[in-house]
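Residue numbers (the numbering used here): 14 to 346. Even for Gly, the Cβ is constructed at its ideal location relative to N, Cα and C. Here the structure is a predicted model, which is why all the values come from computation and not from measurement. Right, one structure below, let's go through it.
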């Protein structure tokens, strides 16, 4: 059985100091609730010293080894879009450890180059999505970078981060030229339309329903809603049901839900008219659960169906969610 992790991260997502500020915001609540950090006060800089591993670059060889140990054969890398105007400072994929073959000083302007370099270094292990930000250098520059990352760097698709980059995905002036170019080039688009613990990313920009207009204006564009739109799962279900070319992944969300909750969510998808052929498995690695736990939780979900006396998920459906659906989304089936 082939397993593809359709949603992972790599290297660093910003300058050393700014990336730490972002990651502390991202992980604070989870680490406090799990006892990794004290919960009787807001963790101090000293409190975080127990978790300094969190701030190290994500090395490709570690990602590959962790995934292979869990039986995952292919890993999809997400480039983080560049920005320098949010409270998180300098943000974007950076090679601070000199892992790639991209020359010169580390720069968020080279975010897509770093991902492309890793694909050249590990062609059998990685798939890569590039990223652009219409608020960084402007819309024409974002469209130009989209063309470059596909035509020259040979990346597979596009990832957008509207709430992190402080814009609405349905902003016609900012995003429509990008979607138009993606459609023209025949590439798939993954969009972060869900919540985040990062407090300076406005929730109003994370609501999945904002993609509804995109589905109407660009009906032939393949769009994947990341994290199943959590916590607005029903919004994501409705969108994927009503727009034929919409997909979703369950990354990160599968770290938050129990096995029963995940089974009930997928059963709810079916009941609301979302065929499971439009659902893709991923983790958001490095994630809040270990990869082997997430794989086992998914593969044994039918034990919950049996216990609840509810219809099981077909073995073929499980296998497609683990690999085939994402391959179809990116046009490599």
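Within the model, the alpha-carbon separation for residue 17 versus residue 152 is close to 32 angstroms. The three-state reading of DSSP puts residue 20 in strand, counting E and B together. Residues 61 of the same chain have their beta carbon placed closer than 7 angstroms to that of residue 37, with the five preceding and five following residues left out of the count. The secondary-structure analysis by DSSP pairs residue 141 across a beta bridge with 90. Taking residue 258 as reference, the option from 200, 214 and 269 with the minimal CA-CA separation is 200. In the DSSP assignment, residue 292 is bridged to 261. Inter-residue distance for residue 189 and residue 80 is about 36 angstroms (C-alpha atoms, whole angstroms). Every alpha helix (DSSP H) of 4 residues or more that sits fully in the segment 174 to 236 is shown, in chain order, as 185 to 198 and 225 to 230. The C-alpha of residue 185 lies about 41 angstroms from the C-alpha of residue 314.
For residue 26, the enclosing beta strand (DSSP E) stretches over residues 25 to 27. Secondary structure of residue 107 (DSSP, three-state): strand. Annotation for residue 276: the continuous alpha helix (DSSP H) segment containing it runs 272 to 284.
Scanning its chain for C-beta atoms nearer than 6 angstroms, with the 5 sequence neighbours on each side dropped, one finds around residue 104 the residues 27 and 96, in chain order. Here the segment 153 to 164 does not lie against the segment 204 to 217, with fewer than 3 beta-carbon pairs under 8 angstroms apart. Ranking 34, 134 and 20 by CA distance to the CA of residue 74 puts 134 first.
Taking the Cβ atoms as the reference, residue 25 lies roughly 5 angstroms from residue 109, within the contact range of under 8 angstroms.
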